[in-house]
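Quick mapping for you: the protein sequence lines, in order, are chains A and B.
If you use this note's numbering, the first sequence corresponds to residues 1 to 112, in order.
If you use this note's numbering, the second sequence corresponds to residues 1001 to 1114, in order.
Just so you know, even glycine gets a beta-carbon here, dropped at the ideal spot from N, CA and C.
Remember, it's a predicted structure, so these values are computed and weren't measured experimentally.
Only one structure is covered here, and it is reproduced in the block below.
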Amino acid sequence: GDSVTQMEGPVTLSEEAFLTINCTYTATGYPSLFWYVQYPGEGLQLLLKATKADDKGSNKGFEATYRKETTSFHLEKGSVQVSDSAVYFCALGERYGQNFVFGPGTRLSVLP
Amino acid sequence: DAGVIQSPRHEVTEMGQEVTLRCKPISGHNSLFWYRQTMMRGLELLIYFNNNVPIDDSGMPEDRFSAKMPNASFSTLKIQPSEPRDSAVYFCASSDAGRQGTQYFGPGTRLLVL
């Protein structure tokens, strides 16, 4: 069945460091891929998405590229800020199976 | 535009009491989801509605939980009777592209059952 695997957290970085959060997926068809972010005490917010292979989603300095050959959608940011501290969820939406699956989430803490 | 609206934002109740959580999806969205989030179990899908009809309720924990969607702009999640293990944050989300599309989340209801 469809599934999403993320790197285990927590991830702790200093401000201005480079961020990578790994995400790989298993899907029966050709899913859309998403990154959501959850700030403390809030609901999940869509951060970025990509709907087909080689698409790059980007928002607020974050980027992720849909890699079909490696079934990956890694999240990257060149210079993190303290305000980026949150939990990040990778997810897929699969049209043929009518399915939406979230990964377990990765907690990021950015220290000043 | 208004996002997904949930009420109440916080609820504290005693074991055995009935709890009703409410959700107003984004106007025009035809899919609605209820999730539960805890530290131990993470984010769990409880039930999914499409065009006001429950499509998948396999995540509903037990008969104490029930959900309704009487119209396109309102849904409820009821727990009766509530138990301390039901303490969690409950999120409602909606989508205009079915189950596989982008989901937009509400702020959540933080439930504490004493």
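Establish whether the CB of residue i and some CB of chain B are separated by less than 8 Å.
i: residue 104 of chain A; result: yes
i: residue 47 of chain A; result: no
i: residue 34 of chain A; result: yes
i: residue 95 of chain A; result: yes
i: residue 9 of chain A; result: no
i: residue 75 of chain A; result: no
i: residue 61 of chain A; result: no
i: residue 99 of chain A; result: yes
i: residue 44 of chain A; result: yes
Would you report the Cα separation of residue i and residue j, rounded to the nearest angstrom?
i: residue 71 of chain A; j: residue 1012 of chain B; result: 43 Å
i: residue 88 of chain A; j: residue 23 of chain A; result: 10 Å
i: residue 20 of chain A; j: residue 1041 of chain B; result: 25 Å
i: residue 1019 of chain B; j: residue 1082 of chain B; result: 7 Å
i: residue 1104 of chain B; j: residue 1076 of chain B; result: 17 Å
i: residue 1045 of chain B; j: residue 83 of chain A; result: 28 Å
i: residue 1061 of chain B; j: residue 1030 of chain B; result: 24 Å
i: residue 60 of chain A; j: residue 1089 of chain B; result: 27 Å
i: residue 1069 of chain B; j: residue 41 of chain A; result: 26 Å
i: residue 38 of chain A; j: residue 1016 of chain B; result: 31 Å
i: residue 1014 of chain B; j: residue 1067 of chain B; result: 21 Å
i: residue 6 of chain A; j: residue 67 of chain A; result: 15 Å
i: residue 80 of chain A; j: residue 112 of chain A; result: 10 Å
i: residue 17 of chain A; j: residue 51 of chain A; result: 28 Å
i: residue 103 of chain A; j: residue 74 of chain A; result: 12 Å
i: residue 1010 of chain B; j: residue 1113 of chain B; result: 11 Å
i: residue 56 of chain A; j: residue 1064 of chain B; result: 44 Å
i: residue 1028 of chain B; j: residue 1084 of chain B; result: 36 Å
From the DSSP output, in three-state form, read off residue i for me.
i: residue 80 of chain A; result: coil
i: residue 95 of chain A; result: coil
i: residue 1041 of chain B; result: coil
i: residue 85 of chain A; result: coil
i: residue 1002 of chain B; result: coil
i: residue 1110 of chain B; result: strand
i: residue 64 of chain A; result: strand
i: residue 106 of chain A; result: strand
i: residue 1091 of chain B; result: strand
i: residue 73 of chain A; result: coil
i: residue 6 of chain A; result: strand
Check whether the Cβ of residue i lies closer than 8 Å to any Cβ atom in chain A.
i: residue 953 of chain B; result: Outside the shown range of chain B, which is 1001 to 1114, sits residue 953 of chain B, and nothing can be said about it.
i: residue 1028 of chain B; result: no
i: residue 1032 of chain B; result: no
i: residue 1016 of chain B; result: no
i: residue 1077 of chain B; result: no
i: residue 1021 of chain B; result: no
i: residue 1043 of chain B; result: yes
i: residue 1091 of chain B; result: yes
How close, in whole Å, do the beta carbons of residue i and residue j come, if the pair is a contact with beta carbons under 8 Å?
i: residue 4 of chain A; j: residue 25 of chain A; result: 5 Å
i: residue 76 of chain A; j: residue 29 of chain A; result: Not quite, the Cβ-Cβ distance comes to about 26 Å (not below 8 Å), so this is no contact.
i: residue 1004 of chain B; j: residue 1023 of chain B; result: 7 Å
key: Contact list for the stretch 1098-1113 of chain B against chain E, Cβ threshold 9 Å   = The structure shown has no chain E; the protein chains it does contain are A and B.
message = Ignoring anything shorter than 3 residues, give me the beta strand (DSSP E) runs that lie fully in the stretch 12-62 of chain A, in order along the chain.
response = Segments of the beta strand (DSSP E) lying fully in the stretch 12-62 of chain A: 19-21, 23-26, 32-38, 44-50, 56-59.
request  = Kindly provide the ranges of any beta strand (DSSP E) runs that are 3 or more residues long and lie completely inside the stretch 1005-1087 of chain B, ordered along the chain.
outcome  = Those beta strand (DSSP E) runs which fall completely within the stretch 1005-1087 of chain B and span 3+ residues are 1005-1007, 1010-1013, 1019-1024, 1031-1038, 1042-1050, 1053-1056, 1065-1071, 1074-1079.
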